[in-house]
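A.B. asks: Sharing a structure below in structure tokens format, with a few things to ask.
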Amino acid sequence: MNKIVLWVLISFLFISVFSGCTSNEKDTWTKVYDSGNDDFSLASASDSVNNILVTGYISNGKNNDFYTIKYDSSGNVIWAKSYDGGKDDYSLGIAADSKNNILVTGFKHNGANNDFYTIKYDPSGNALWTKTYNSGNNEDAQGVAIDSKDNIIVTGDTYSGANVNIFTIKYDSNGNVLWEKAFDSGNKDYALDIAIDSSDNIIVAGYLNSGSDYDFYAVKYDKDGNILWKKSYNGGNTDKAYDVTVDSNDNIILTGETFSGTSVNYLTVKFDSNGNVVWTKSYDGGKDDYSLAITTDFSNNIFVTGYISKDQNKNIYTIKYDSSGNTIWEKVYESGKDDIALGITRDSNNKIILTGYSFNGKNNDFVTIKY
Numbered sequence: 036m037n038k039i040v041l042w043v044l045i046s047f048l049f050i051s052v053f054s055g056c057t058s059n060e061k062d063t064w065t066k067v068y069d070s071g072n073d074d075f076s077l078a079s080a081s082d083s084v085n086n087i088l089v090t091g092y093i094s095n096g097k098n099n100d101f102y103t104i105k106y107d108s109s110g111n112v113i114w115a116k117s118y119d120g121g122k123d124d125y126s127l128g129i130a131a132d133s134k135n136n137i138l139v140t141g142f143k144h145n146g147a148n149n150d151f152y153t154i155k156y157d158p159s160g161n162a163l164w165t166k167t168y169n170s171g172n173n174e175d176a177q178g179v180a181i182d183s184k185d186n187i188i189v190t191g192d193t194y195s196g197a198n199v200n201i202f203t204i205k206y207d208s209n210g211n212v213l214w215e216k217a218f219d220s221g222n223k224d225y226a227l228d229i230a231i232d233s234s235d236n237i238i239v240a241g242y243l244n245s246g247s248d249y250d251f252y253a254v255k256y257d258k259d260g261n262i263l264w265k266k267s268y269n270g271g272n273t274d275k276a277y278d279v280t281v282d283s284n285d286n287i288i289l290t291g292e293t294f295s296g297t298s299v300n301y302l303t304v305k306f307d308s309n310g311n312v313v314w315t316k317s318y319d320g321g322k323d324d325y326s327l328a329i330t331t332d333f334s335n336n337i338f339v340t341g342y343i344s345k346d347q348n349k350n351i352y353t354i355k356y357d358s359s360g361n362t363i364w365e366k367v368y369e370s371g372k373d374d375i376a377l378g379i380t381r382d383s384n385n386k387i388i389l390t391g392y393s394f395n396g397k398n399n400d401f402v403t404i405k406y
């Protein structure tokens with residue numbers, strides 16, 4: 036996750052109010068975590084035995100800390116872990132490797148600027164290692180993915196003066212750096228998330244400033260960090276991609292927002308493995324709607340989620356498309372006030388898990404929903 040995450044949190048932190056927690060759609064279970072302060076779940080993953088992993092950050096009363104929860108498939112908490120670097124720390128991405136180790140990434144403040152920060156946990160929640168990247172400027176890690184050899188690839192943004200560039204690091208399973216790559220299109224470039232295809236190629240997605248507005252942007256690297264292609268999508272106004280997934284045919288699907296001229300709408304774009312646009316789909320709920328996360332199932336159906344604006348509230352809104360972009364179903368989750376989904380994943384039983392946050396009357400809580 037990403038810049039929209041922080042914008043969403045800041046925008047609604049002080050305006051949210053609450054009335055009971057109900058859903059108008061059937062779900063397997065819904066779990067809420069409340070530390071007593073503000074808690075924001077920003078990303079989700081699952082492991083090979085269908086445990087569910089969510090990460091984000093919580094407030095400790097003075098600053099913000101990484102916070103990661105591992106649930107079993109029934110929604111029971113197995114463990115929860117925090118990381119406090121002494122200042123503000125934000126966990127934005129999570130993934131599990133073939134041994135069910137867990138990688139979380141984000142950024143921590145070092146007193147002067149932000150650094151990439153990545154933690155590897157074993158299945159019991161013990162930290163195996165941590166890695167920091169600091170160039171002397173601001174670096175915000177946004178997403179993490181794991182390839183077939185359990186190498187770990189982290190992507191995000193690095194800032195130098197007025198410039199913003201995509202920065203990607205590949206580690207081996209022990210945390211040794213295999214390569215680092217900076218990408219500069221000549222404009223401001225933002226990486227929001229990352230995905231891996233069947234050949235261990237790496238797709239970094241986000242958006243760039245094309246001069247007059249923003250465009251969806253994707254860069255495809257081979258496993259050695261060589262650029263295979265780079266593609267943008269311009270819908271005519273501002274278009275920002277916030278998440279990316281790859282299906283079993285190595286098609287690449289991005290989701291995010293597009294500005295219609297009067298409101299913000301969901302936008303999902305499917306590319307083939309060569310970067311050609313296969314189709315585009317938008318959703319307009321009549322007000323501002325943001326698609327923030329995406330995943331696929333074993334049939335290459337596509338799930339996008341985020342939130343729609345309804346009356347004075349924000350509701351979690353999830354759409355299931357078939358591989359051709361036809362809508363199969365749409366689901367709403369609403370507690371009565373603001374609910375926002377920021378992460379989505381699929382387990383090995385083809386169950387879909389959403390995570391995000393919901394307001395409880397005083398502060399925001401992690402909310403995780405299994406369909």
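If you count the sequence shown from 1, position 145 lands on 180 in the numbering used here, and the numbers rise without skipping. Using N, Cα and C, we set each Cβ at its ideal position, and we do this for glycine too.
Assuming the contact rule is C-beta atoms closer than 8 Å, alanine 230 and phenylalanine 251 should be a hit. Round their C-beta distance to whole Å, please.
C.D. replies: Position 195 of the sequence shown, counting from 1, holds the residue named residue 230. Position 216 of the sequence shown, counting from 1, holds the residue named residue 251. Going by Cβ atoms, the distance from alanine 230 to phenylalanine 251 rounds to 14 Å, so no, they are not a contact pair.
A.B. asks: Among Phe294, Val67 and Thr280, which one has its Cα closest to the Cα of threonine 274?
C.D. replies: Here residue 274 is taken as the residue at index 239 of the sequence shown, counted from 1. It is worth fixing the name first, because residue 274 is aspartate in this sequence and not threonine. The shortest Cα separation from aspartate 274 among Phe294, Val67 and Thr280 belongs to Phe294.
A.B. asks: Does the region 368–378 come within contact of the region 386–401, defined as at least 3 CB pairs closer than 8 Å?
C.D. replies: yes
A.B. asks: Hey, would you say valine 281 sits closer than 7 Å to glutamate 292, going by beta carbons?
C.D. replies: Position 246 of the sequence shown holds residue 281. Position 257 of the sequence shown holds residue 292. Against a cut-off of 7 Å, the Cβ pair of glutamate 292 and valine 281 comes out as no contact.
A.B. asks: So the candidates are Thr362, Ile238 and Lys266; which of them puts its Cα closest to the Cα of aspartate 257?
C.D. replies: Here residue 257 corresponds to residue number 222 of the sequence shown, with the count starting at 1. Comparing Cα positions, the closest option is Ile238.
A.B. asks: Look at threonine 193 and threonine 203 and say whether their C-beta atoms are less than 7 Å apart.
C.D. replies: Position 158 of the sequence shown, counted from the first residue, corresponds to residue 193. Position 168 of the sequence shown, counted from the first residue, corresponds to residue 203. For threonine 193 and threonine 203, no; Cβs fall outside 7 Å.
A.B. asks: Any idea which residues DSSP pairs threonine 315 with across the strands?
C.D. replies: In the sequence shown, the residue the question calls residue 315 occupies position 280. Note: threonine 315 sits in a beta bridge opposite Val304.
A.B. asks: Quick check on the burial criterion: 16 or more other C-beta atoms within 10 angstroms. Buried or exposed for alanine 130?
C.D. replies: Within the sequence shown, residue 130 is the residue found at index 95, counting from 1. Alanine 130 is buried by the Cβ-count criterion.
A.B. asks: Taking buried to mean at least 16 other C-beta atoms within 10 Å of its own C-beta, is serine 183 buried or exposed?
C.D. replies: Taking the first residue of the sequence shown as 1, we reach residue 183 at position 148. By the 10 Å Cβ count, serine 183 comes out exposed.
A.B. asks: With three or more C-beta pairs closer than 8 Å as the rule, is the region 161–169 touching the region 97–112?
C.D. replies: no
A.B. asks: Skipping 5 residues on each side, what residues in its chain have a beta carbon closer than 8 Å to that of aspartate 124?
C.D. replies: As a first step, residue 124 is located in the sequence shown; it is residue number 89 there, counting from the start. Cβ neighbours of aspartate 124 within its own chain (closer than 8 Å, five residues either side excluded): Tyr92, Asn98, Asn99, Asp100, Phe101, Tyr118, Gly141, Phe142, Lys143, His144 and Tyr152.
A.B. asks: Compute the beta-carbon to beta-carbon distance between serine 326 and valine 339, rounded to the nearest angstrom, for a pair I have assumed lies under 8 Å.
C.D. replies: As a working mapping, residue 326 is identified with position 291 in the sequence shown. As a working mapping, residue 339 is identified with position 304 in the sequence shown. The Cβ separation is near 5 Å, so the contact holds.
A.B. asks: Where serine 170 and aspartate 224 are concerned, what is the direct C-alpha to C-alpha distance, given to the nearest angstrom?
C.D. replies: Residue numbering aside, residue 170 sits at position 135 when the sequence shown is read from its first letter. Residue numbering aside, residue 224 sits at position 189 when the sequence shown is read from its first letter. Rounded to whole angstroms, serine 170 to aspartate 224 spans 17 Å at the Cα level.
A.B. asks: Within 10 angstroms of the Cβ of phenylalanine 333, are there 16 or more other Cβ atoms? Answer buried if so, exposed if not.
C.D. replies: For this step, residue 333 is matched to residue 298 along the sequence shown. Exposed, by the Cβ-count rule.
A.B. asks: What does DSSP give as the partner residue(s) for isoleucine 329 in the beta ladder?
C.D. replies: Numbered from its first residue, the sequence shown carries residue 329 at position 294. DSSP lists Val339 as partners of isoleucine 329.
A.B. asks: Taking only runs that begin and end inside the region 210–288, name each unbroken beta strand (DSSP E) of 3 or more residues, in chain order.
C.D. replies: 212–218, 224–231, 237–244, 249–256, 262–268 and 274–281
A.B. asks: Tell me which same chain residues have a C-beta within less than 7 Å of the C-beta of tyrosine 156, skipping the five on either side of it?
C.D. replies: The residue given as residue 156 occupies position 121 in the sequence shown. For tyrosine 156, where only same-chain residues beyond five positions count, the Cβ hits under 7 Å are Lys116, Asn136, Ile137, Ala162 and Leu163.
A.B. asks: Helix, strand or coil: which one does DSSP assign to threonine 403?
C.D. replies: Translated into the one-based positions of the sequence shown, residue 403 becomes position 368. Here threonine 403 carries a strand assignment [DSSP, helix/strand/coil].
A.B. asks: Using a Cβ-Cβ cut-off of 6 Å (strictly less than) and excluding sequence neighbours within five positions of threonine 315, which residues of its own chain qualify?
C.D. replies: The count along the sequence shown starts at 1 and reaches residue 315 at position 280. Hits under 6 Å: Val304.
A.B. asks: Closest to isoleucine 363 by C-alpha separation, out of Ile87, Ala226, Asn335 and Asn348, would be which residue?
C.D. replies: Here residue 363 refers to the residue found at position 328 when the sequence shown is read from its first residue. Answer by Cα proximity: Asn335.
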